[in-house]
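As numbered in UniProt numbering, residues 1 to 344 make up the sequence shown, in order.
All C-beta atoms in this analysis are idealised placements derived from N, C-alpha and C, irrespective of residue type, glycine included.
Heads up: the structure comes next, in C-alpha coordinates.
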Amino acid sequence: MTAINFAVIGYGGMGSYHIHNIIPNENERIHVVGTYDISGERQKISSQHNHKIYDSLEEVLTDETIEAVLIATPNDSHKDLAIQALKAGKHVVCEKPVTMNVADLDEILNVAKKTGQTFMVHQNRRWDPDFLITRELYKNQQIGELFQIETRVQGANGIPGDWRHELKHGGGMLLDWGVHLLDQLLFLVDSRIEKVSADLSYILGDEVDDGFIAYIIFENGIRAIIEVGTTNYTKLPRWYLKGTKGTAIIHDWDLTGEMVVESGKQDIQAPKPIQAGVGLTKTMAPPSEEATETKALPQATAEYDTFYKNFYNVVREKAEPVVKNEEVRQVMVLIEEIFKAAKR
1 MTAINFAVIG YGGMGSYHIH NIIPNENERI HVVGTYDISG ERQKISSQHN
51 HKIYDSLEEV LTDETIEAVL IATPNDSHKD LAIQALKAGK HVVCEKPVTM
101 NVADLDEILN VAKKTGQTFM VHQNRRWDPD FLITRELYKN QQIGELFQIE
151 TRVQGANGIP GDWRHELKHG GGMLLDWGVH LLDQLLFLVD SRIEKVSADL
201 SYILGDEVDD GFIAYIIFEN GIRAIIEVGT TNYTKLPRWY LKGTKGTAII
251 HDWDLTGEMV VESGKQDIQA PKPIQAGVGL TKTMAPPSEE ATETKALPQA
301 TAEYDTFYKN FYNVVREKAE PVVKNEEVRQ VMVLIEEIFK AAKR
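Structure (C-alpha coordinates):
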(Lines of atoms letter the chains of each structure in order from A and count residues from 1; the text may use other names and numbers.)
(Lines give C-alpha, C1' and ligand atoms only; values in the text may rest on other atoms or scores of the structure.)
Protein backbone atom coordinates (compact mmCIF):
# COMPACT_ATOMS: atom_id res chain seq x y z
CA MET A 1 0.00 0.00 0.00
CA THR A 2 1.53 3.27 -1.17
CA ALA A 3 0.18 6.27 0.70
CA ILE A 4 -1.01 9.33 -1.19
CA ASN A 5 1.16 12.35 -0.40
CA PHE A 6 -1.01 15.36 0.45
CA ALA A 7 -0.40 19.07 0.82
CA VAL A 8 -3.03 21.05 2.73
CA ILE A 9 -3.96 24.47 1.37
CA GLY A 10 -5.43 26.44 4.26
CA TYR A 11 -4.24 25.48 7.74
CA GLY A 12 -7.19 27.02 9.57
CA GLY A 13 -9.91 25.33 11.58
CA MET A 14 -10.91 22.70 9.03
CA GLY A 15 -7.48 22.21 7.48
CA SER A 16 -5.91 21.50 10.85
CA TYR A 17 -8.88 19.31 11.82
CA HIS A 18 -8.28 17.10 8.79
CA ILE A 19 -4.61 16.79 9.64
CA HIS A 20 -4.92 16.11 13.35
CA ASN A 21 -8.32 14.41 13.71
CA ILE A 22 -9.28 12.65 10.48
CA ILE A 23 -6.18 11.71 8.52
CA PRO A 24 -4.34 9.99 11.43
CA ASN A 25 -6.98 7.24 11.18
CA GLU A 26 -5.89 6.67 7.58
CA ASN A 27 -2.12 6.99 7.95
CA GLU A 28 -1.48 3.90 5.82
CA ARG A 29 -3.28 5.54 2.92
CA ILE A 30 -2.84 9.28 3.42
CA HIS A 31 0.38 11.11 4.29
CA VAL A 32 0.43 14.87 4.90
CA VAL A 33 3.72 16.29 3.66
CA GLY A 34 3.15 19.96 4.32
CA THR A 35 0.88 22.99 4.39
CA TYR A 36 0.43 26.33 2.71
CA ASP A 37 -1.46 29.23 4.28
CA ILE A 38 -1.42 32.96 3.54
CA SER A 39 -1.27 33.56 7.32
CA GLY A 40 2.25 33.58 8.70
CA GLU A 41 0.86 32.81 12.14
CA ARG A 42 -0.87 29.66 10.88
CA GLN A 43 2.27 28.63 9.03
CA LYS A 44 4.28 28.99 12.23
CA ILE A 45 1.81 26.77 14.12
CA SER A 46 1.94 24.19 11.35
CA SER A 47 5.76 24.13 11.44
CA GLN A 48 5.59 23.14 15.10
CA HIS A 49 4.03 19.86 13.94
CA ASN A 50 7.02 19.15 11.68
CA HIS A 51 5.13 19.82 8.47
CA LYS A 52 6.93 21.12 5.42
CA ILE A 53 5.98 24.77 5.01
CA TYR A 54 5.29 25.93 1.48
CA ASP A 55 5.84 29.62 0.82
CA SER A 56 3.52 29.84 -2.16
CA LEU A 57 0.78 27.99 -4.02
CA GLU A 58 3.15 27.59 -6.95
CA GLU A 59 5.61 25.77 -4.71
CA VAL A 60 2.88 23.32 -3.73
CA LEU A 61 1.76 22.70 -7.30
CA THR A 62 5.27 22.21 -8.67
CA ASP A 63 6.27 19.73 -5.96
CA GLU A 64 6.32 16.44 -7.88
CA THR A 65 6.16 14.42 -4.65
CA ILE A 66 2.66 15.78 -3.94
CA GLU A 67 -0.11 13.70 -5.51
CA ALA A 68 -3.12 15.46 -3.97
CA VAL A 69 -4.15 18.64 -2.22
CA LEU A 70 -6.82 19.40 0.34
CA ILE A 71 -8.46 22.79 -0.14
CA ALA A 72 -9.71 24.16 3.20
CA THR A 73 -9.95 27.88 2.52
CA PRO A 74 -12.82 30.42 2.42
CA ASN A 75 -15.58 29.40 0.02
CA ASP A 76 -14.92 32.00 -2.69
CA SER A 77 -11.39 30.69 -3.30
CA HIS A 78 -12.29 27.03 -3.89
CA LYS A 79 -12.89 27.25 -7.64
CA ASP A 80 -9.62 28.92 -8.63
CA LEU A 81 -7.51 26.77 -6.29
CA ALA A 82 -9.16 23.55 -7.47
CA ILE A 83 -8.72 24.38 -11.17
CA GLN A 84 -5.07 25.32 -10.71
CA ALA A 85 -4.39 22.13 -8.76
CA LEU A 86 -6.15 19.89 -11.29
CA LYS A 87 -4.26 21.49 -14.17
CA ALA A 88 -1.03 20.91 -12.26
CA GLY A 89 -1.80 17.19 -12.21
CA LYS A 90 -2.94 16.97 -8.58
CA HIS A 91 -5.94 15.11 -7.26
CA VAL A 92 -8.18 17.37 -5.15
CA VAL A 93 -10.21 17.05 -1.98
CA CYS A 94 -12.27 20.19 -1.43
CA GLU A 95 -14.04 21.30 1.70
CA LYS A 96 -17.72 22.17 1.50
CA PRO A 97 -19.52 24.09 0.19
CA VAL A 98 -17.65 23.15 -2.94
CA THR A 99 -18.24 26.51 -4.63
CA MET A 100 -20.38 29.63 -4.44
CA ASN A 101 -22.74 28.44 -7.19
CA VAL A 102 -23.44 25.70 -9.71
CA ALA A 103 -21.66 27.46 -12.59
CA ASP A 104 -18.37 27.53 -10.65
CA LEU A 105 -18.68 23.84 -9.83
CA ASP A 106 -19.30 23.02 -13.50
CA GLU A 107 -16.05 24.76 -14.41
CA ILE A 108 -14.15 22.59 -11.94
CA LEU A 109 -15.80 19.39 -13.13
CA ASN A 110 -14.99 20.20 -16.76
CA VAL A 111 -11.32 20.63 -15.87
CA ALA A 112 -11.31 17.42 -13.82
CA LYS A 113 -12.78 15.55 -16.79
CA LYS A 114 -10.14 16.93 -19.16
CA THR A 115 -7.21 16.24 -16.83
CA GLY A 116 -8.43 12.86 -15.58
CA GLN A 117 -7.66 13.81 -11.98
CA THR A 118 -9.90 12.84 -9.06
CA PHE A 119 -11.98 15.64 -7.55
CA MET A 120 -14.02 14.89 -4.41
CA VAL A 121 -15.88 17.07 -1.94
CA HIS A 122 -15.62 16.37 1.78
CA GLN A 123 -19.32 15.98 2.65
CA ASN A 124 -18.36 14.42 5.97
CA ARG A 125 -21.83 14.51 7.58
CA ARG A 126 -22.80 11.37 5.65
CA TRP A 127 -20.90 9.53 8.40
CA ASP A 128 -22.61 11.22 11.38
CA PRO A 129 -24.11 8.57 13.72
CA ASP A 130 -27.42 10.47 14.04
CA PHE A 131 -27.79 10.52 10.25
CA LEU A 132 -26.94 6.82 10.00
CA ILE A 133 -29.74 6.05 12.50
CA THR A 134 -32.15 8.11 10.39
CA ARG A 135 -30.95 6.25 7.30
CA GLU A 136 -31.56 2.94 9.06
CA LEU A 137 -35.11 3.99 9.98
CA TYR A 138 -35.77 5.13 6.42
CA LYS A 139 -34.43 1.96 4.78
CA ASN A 140 -35.80 -0.67 7.16
CA GLN A 141 -39.04 1.07 8.16
CA GLN A 142 -38.97 0.44 11.91
CA ILE A 143 -41.60 3.19 12.24
CA GLY A 144 -43.24 2.38 8.90
CA GLU A 145 -42.72 4.38 5.75
CA LEU A 146 -41.36 7.83 6.55
CA PHE A 147 -43.54 10.62 5.23
CA GLN A 148 -42.16 13.61 7.16
CA ILE A 149 -38.54 14.39 8.01
CA GLU A 150 -37.55 17.33 10.19
CA THR A 151 -33.82 18.01 10.44
CA ARG A 152 -32.31 20.88 12.39
CA VAL A 153 -29.10 22.29 13.80
CA GLN A 154 -29.46 25.21 16.18
CA GLY A 155 -27.21 27.29 18.40
CA ALA A 156 -27.18 30.65 20.11
CA ASN A 157 -23.72 31.97 19.18
CA GLY A 158 -24.43 33.78 15.92
CA ILE A 159 -22.51 33.32 12.69
CA PRO A 160 -19.06 31.85 13.48
CA GLY A 161 -15.68 33.29 12.55
CA ASP A 162 -14.90 36.34 10.46
CA TRP A 163 -15.22 35.75 6.69
CA ARG A 164 -18.45 33.78 7.19
CA HIS A 165 -20.15 37.12 7.85
CA GLU A 166 -19.28 38.40 4.36
CA LEU A 167 -21.22 37.81 1.16
CA LYS A 168 -18.17 38.03 -1.10
CA HIS A 169 -16.56 35.07 0.66
CA GLY A 170 -19.68 32.90 0.50
CA GLY A 171 -20.69 33.42 4.10
CA GLY A 172 -24.02 32.69 5.70
CA MET A 173 -25.55 29.62 7.26
CA LEU A 174 -27.27 28.18 4.19
CA LEU A 175 -23.86 27.61 2.62
CA ASP A 176 -22.15 26.81 5.92
CA TRP A 177 -24.52 24.33 7.60
CA GLY A 178 -27.37 24.08 5.13
CA VAL A 179 -25.08 22.32 2.67
CA HIS A 180 -24.66 19.50 5.22
CA LEU A 181 -28.35 18.99 5.99
CA LEU A 182 -29.35 19.19 2.34
CA ASP A 183 -26.64 16.72 1.34
CA GLN A 184 -27.87 14.29 3.98
CA LEU A 185 -31.47 14.73 2.83
CA LEU A 186 -30.76 14.14 -0.86
CA PHE A 187 -28.47 11.21 -0.05
CA LEU A 188 -31.34 9.75 1.99
CA VAL A 189 -34.42 10.33 -0.20
CA ASP A 190 -34.26 8.85 -3.70
CA SER A 191 -36.86 11.02 -5.36
CA ARG A 192 -37.08 14.16 -7.45
CA ILE A 193 -38.03 17.40 -5.72
CA GLU A 194 -41.45 18.76 -6.57
CA LYS A 195 -41.57 22.02 -4.61
CA VAL A 196 -39.31 24.25 -2.50
CA SER A 197 -40.35 27.02 -0.10
CA ALA A 198 -37.90 28.91 2.08
CA ASP A 199 -37.27 31.82 4.41
CA LEU A 200 -33.86 33.21 5.32
CA SER A 201 -33.18 34.99 8.63
CA TYR A 202 -31.19 38.23 8.88
CA ILE A 203 -32.12 39.00 12.47
CA LEU A 204 -28.48 39.65 13.50
CA GLY A 205 -28.05 42.37 10.88
CA ASP A 206 -25.36 40.72 8.77
CA GLU A 207 -25.35 40.90 4.96
CA VAL A 208 -25.61 37.10 4.89
CA ASP A 209 -28.22 34.82 6.43
CA ASP A 210 -27.85 33.82 10.07
CA GLY A 211 -30.24 30.92 9.56
CA PHE A 212 -33.04 29.61 7.39
CA ILE A 213 -36.08 27.37 7.19
CA ALA A 214 -36.80 25.39 4.03
CA TYR A 215 -39.79 23.18 3.23
CA ILE A 216 -39.21 20.57 0.54
CA ILE A 217 -41.79 18.30 -1.06
CA PHE A 218 -40.54 15.25 -2.96
CA GLU A 219 -42.44 13.58 -5.79
CA ASN A 220 -42.74 10.38 -3.71
CA GLY A 221 -44.78 12.31 -1.14
CA ILE A 222 -42.13 12.83 1.55
CA ARG A 223 -42.15 16.26 3.19
CA ALA A 224 -38.99 17.68 4.74
CA ILE A 225 -38.44 20.64 7.04
CA ILE A 226 -34.83 21.84 7.20
CA GLU A 227 -33.85 24.48 9.73
CA VAL A 228 -30.57 26.09 10.70
CA GLY A 229 -30.52 28.71 13.43
CA THR A 230 -27.85 30.67 15.30
CA THR A 231 -30.20 32.56 17.64
CA ASN A 232 -31.83 29.58 19.39
CA TYR A 233 -31.31 29.58 23.14
CA THR A 234 -33.46 26.47 23.44
CA LYS A 235 -33.09 23.91 20.67
CA LEU A 236 -35.60 21.70 18.89
CA PRO A 237 -34.66 18.06 18.20
CA ARG A 238 -31.88 17.26 15.73
CA TRP A 239 -34.27 14.84 13.96
CA TYR A 240 -38.04 14.37 14.20
CA LEU A 241 -39.32 11.57 11.97
CA LYS A 242 -42.93 10.62 11.27
CA GLY A 243 -43.76 7.23 9.82
CA THR A 244 -46.97 5.38 9.03
CA LYS A 245 -46.54 3.16 12.12
CA GLY A 246 -44.70 5.38 14.59
CA THR A 247 -42.61 8.42 15.39
CA ALA A 248 -38.90 8.75 16.18
CA ILE A 249 -36.94 11.54 17.79
CA ILE A 250 -33.17 12.09 18.02
CA HIS A 251 -32.49 14.98 20.35
CA ASP A 252 -28.89 15.78 19.50
CA TRP A 253 -25.50 14.40 18.48
CA ASP A 254 -25.38 12.49 21.78
CA LEU A 255 -28.00 10.18 20.18
CA THR A 256 -30.54 10.40 23.00
CA GLY A 257 -34.01 9.71 21.73
CA GLU A 258 -36.60 7.01 21.19
CA MET A 259 -39.17 5.46 18.90
CA VAL A 260 -42.86 5.24 19.76
CA VAL A 261 -44.54 2.65 17.54
CA GLU A 262 -47.86 0.89 17.18
CA SER A 263 -48.10 -2.10 19.53
CA GLY A 264 -50.12 -4.17 17.10
CA LYS A 265 -52.44 -5.34 19.88
CA GLN A 266 -56.07 -6.04 19.11
CA ASP A 267 -59.17 -4.67 20.88
CA ILE A 268 -57.48 -1.43 21.92
CA GLN A 269 -59.64 1.06 23.78
CA ALA A 270 -60.20 4.38 22.10
CA PRO A 271 -58.39 7.33 23.73
CA LYS A 272 -60.34 9.19 26.35
CA PRO A 273 -60.88 12.96 26.14
CA ILE A 274 -58.44 15.08 28.13
CA GLN A 275 -58.67 18.55 29.61
CA ALA A 276 -56.84 20.90 27.23
CA GLY A 277 -56.65 24.44 28.52
CA VAL A 278 -60.23 25.54 29.07
CA GLY A 279 -61.65 22.83 26.82
CA LEU A 280 -61.71 19.10 26.13
CA THR A 281 -60.08 17.20 23.26
CA LYS A 282 -60.14 13.62 22.16
CA THR A 283 -58.25 14.27 18.92
CA MET A 284 -55.14 15.51 20.72
CA ALA A 285 -55.29 13.04 23.61
CA PRO A 286 -52.38 10.59 23.88
CA PRO A 287 -53.04 7.04 22.66
CA SER A 288 -54.09 4.47 25.24
CA GLU A 289 -51.26 2.66 27.02
CA GLU A 290 -51.78 -0.60 25.16
CA ALA A 291 -51.84 1.09 21.73
CA THR A 292 -48.12 1.94 21.55
CA GLU A 293 -44.75 0.87 22.83
CA THR A 294 -41.56 2.83 23.30
CA LYS A 295 -38.35 1.41 21.87
CA ALA A 296 -34.71 2.38 21.80
CA LEU A 297 -33.32 3.84 18.62
CA PRO A 298 -31.68 1.27 16.35
CA GLN A 299 -27.93 1.01 16.05
CA ALA A 300 -26.51 1.88 12.67
CA THR A 301 -23.16 1.94 10.89
CA ALA A 302 -22.18 3.10 7.44
CA GLU A 303 -22.05 0.32 4.87
CA TYR A 304 -19.66 2.48 2.85
CA ASP A 305 -15.97 3.22 3.46
CA THR A 306 -14.71 6.25 5.38
CA PHE A 307 -14.07 9.31 3.24
CA TYR A 308 -10.30 9.06 2.92
CA LYS A 309 -10.31 5.28 2.52
CA ASN A 310 -12.77 5.76 -0.32
CA PHE A 311 -10.69 8.58 -1.81
CA TYR A 312 -7.63 6.35 -1.74
CA ASN A 313 -9.51 3.54 -3.49
CA VAL A 314 -10.89 5.95 -6.10
CA VAL A 315 -7.39 7.18 -6.92
CA ARG A 316 -5.55 3.87 -6.72
CA GLU A 317 -8.20 1.38 -7.85
CA LYS A 318 -10.77 3.51 -9.74
CA ALA A 319 -13.43 2.65 -7.12
CA GLU A 320 -16.80 4.38 -7.09
CA PRO A 321 -16.83 7.56 -4.98
CA VAL A 322 -19.10 7.62 -1.93
CA VAL A 323 -19.56 11.35 -2.50
CA LYS A 324 -20.31 11.62 -6.19
CA ASN A 325 -19.85 14.93 -7.98
CA GLU A 326 -23.30 14.73 -9.54
CA GLU A 327 -24.76 14.46 -6.02
CA VAL A 328 -22.76 17.48 -4.90
CA ARG A 329 -24.07 19.35 -7.92
CA GLN A 330 -27.66 18.46 -7.02
CA VAL A 331 -27.12 19.98 -3.57
CA MET A 332 -25.77 23.18 -5.10
CA VAL A 333 -28.77 23.36 -7.45
CA LEU A 334 -31.06 23.01 -4.42
CA ILE A 335 -29.18 25.72 -2.51
CA GLU A 336 -29.63 28.11 -5.42
CA GLU A 337 -33.33 27.25 -5.53
CA ILE A 338 -33.66 27.95 -1.79
CA PHE A 339 -32.10 31.38 -2.25
CA LYS A 340 -34.58 32.04 -5.10
CA ALA A 341 -37.53 30.71 -3.09
CA ALA A 342 -36.66 32.96 -0.16
CA LYS A 343 -36.66 36.01 -2.46
CA ARG A 344 -40.03 34.98 -3.89
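- Scanning Gly246, Arg238 and Met259 for the CA closest to the CA of Asp252 turns up Arg238.
- A contact between stretches requires three or more CB pairs, one per stretch, nearer than 8 Å, and the segment 251-270 meets this requirement with the segment 128-140.
- Between the C-alpha atoms of Asp176 and Lys282 there is a straight-line separation of about 43 Å.
- Counting only unbroken stretches of 4 or more residues, the alpha helix (DSSP H) elements lying wholly within the segment 85-120 are 102-115, in sequence order.
- DSSP places Gly205 outside both helix and strand once states are collapsed to three, so it counts as coil.
- CA-to-CA, the gap between Ala85 and Lys79 works out to about 10 Å.
- Between the segment 110-127 and the segment 84-99 there are three or more C-beta pairs closer than 8 Å, enough to call the two in contact.
- Classified as exposed, Lys114 has fewer than 16 neighbouring CB atoms from the shown chains inside 10 Å of its CB.
- Secondary structure of Ser39 (DSSP, three-state): coil.
- Burial state of Ala156 is exposed, judged by a 10 Å Cβ sphere holding fewer than 16 other Cβ atoms.
- In the structure shown, Met259 falls within a strand segment according to DSSP collapsed to helix, strand and coil.
- Phe339 has its alpha-carbon roughly 25 Å from the corresponding atom of Leu81.
- Looking at the DSSP output, Tyr215 shares a beta bridge with Ser197 and Ile225.
- For Glu194 against Ile213, the beta-carbon gap comes to about 18 Å, at or over 8 Å, which does not count as contact.
- Between the alpha carbons of Lys87 and Asn232 lies a gap of roughly 44 Å.
- Classified as exposed, Asn50 has fewer than 16 neighbouring CB atoms from the shown chains inside 10 Å of its CB.
- A contact is defined here as three or more CB-CB pairs under 8 Å, and the segment 198-217 meets this definition with respect to the segment 164-171.
- The beta-carbon distance between Asp183 and Val331, rounded to whole angstroms, is 5 Å. This is short enough to meet the 8 Å contact definition.
- Within its own chain, the residues whose Cβ lies closer than 8 Å to the Cβ of Val322, once the five positions on either side in sequence are excluded, are Arg126, Tyr304, Asp305, Phe307 and Asn310, listed in chain order.
- The DSSP-derived three-state label of Glu64 is coil.
- One alpha carbon belongs to Asp37, the other to Glu26, and they sit about 23 Å apart.
- In its chain, beyond the 5 residues on either side, Ile225 and Tyr240 have a beta carbon closer than 6 Å to the beta carbon of Glu150.
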